[in-house]
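J.: When you number the sequence shown by our numbering, it's gap-free, plus one each residue, and the end is 574. Backbone N, C-alpha and C define an ideal beta-carbon position, used for all residues, glycine too. Note that the coordinates shown come from a computational prediction; the quantities given were computed from them, not determined experimentally.
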Amino acid sequence: MTLNSVKATNITNLRANLKEKLEEVVTEKSTLIVTRNNDRNVVIISEDKFNEMLRHIHNLEYELKLCRSFEQVNRGEVLDISMEELNDNDGQ
Numbered sequence: 483m484t485l486n487s488v489k490a491t492n493i494t495n496l497r498a499n500l501k502e503k504l505e506e507v508v509t510e511k512s513t514l515i516v517t518r519n520n521d522r523n524v525v526i527i528s529e530d531k532f533n534e535m536l537r538h539i540h541n542l543e544y545e546l547k548l549c550r551s552f553e554q555v556n557r558g559e560v561l562d563i564s565m566e567e568l569n570d571n572d573g574q
């Protein structure tokens with residue numbers, strides 16, 4: 483995941499320039515922080531960047547599962563079972 487430019491604007495400026503700001507987010511692959519009252523800010527990113535973030539999260543979750551599996555193997559928490567035994571138990 484690459485980190486491109488991060489820009490900020492206020493809600494008034496966003497309202498006045500919505501089309502241009504959204505186009506900028508997509509074409510420049512930038513992140514737009516919209517500042518609001520009481521620090522209730524929002525962040526606008528492109529759908530591509532959002533999907534990239536989801537893939538990154540999924541990959542990290544998978545990596546964590548693999549690490550946990552290796553830890554189980556190292557602790558000896560494994561089953562020794564043949565393919566035949568596995569196939570016999572498949573329907574149960």
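1) Compute the Euclidean distance between the alpha carbons of residue 531 and residue 561, then round it to the nearest angstrom.
2) Could you check the C-alpha separation between residue 516 and residue 555 for me, to the nearest Å?
3) Looking at C-beta atoms only, is the number of pairs between the stretch 517–524 and the stretch 538–549 that lie closer than 8 Å three or more?
4) For residue 533, list the residues DSSP reports as bridge partners.
5) For residue 525, which residues of its own chain have a beta-carbon under 8 Å away from its beta-carbon, when the five flanking residues on both sides are left out?
T.: Straight from the coordinates:
1) 41 Å
2) 48 Å
3) no
4) Answer is none; residue 533 lacks a bridge partner.
5) Correct list, in chain order: 513, 514, 515, 516.
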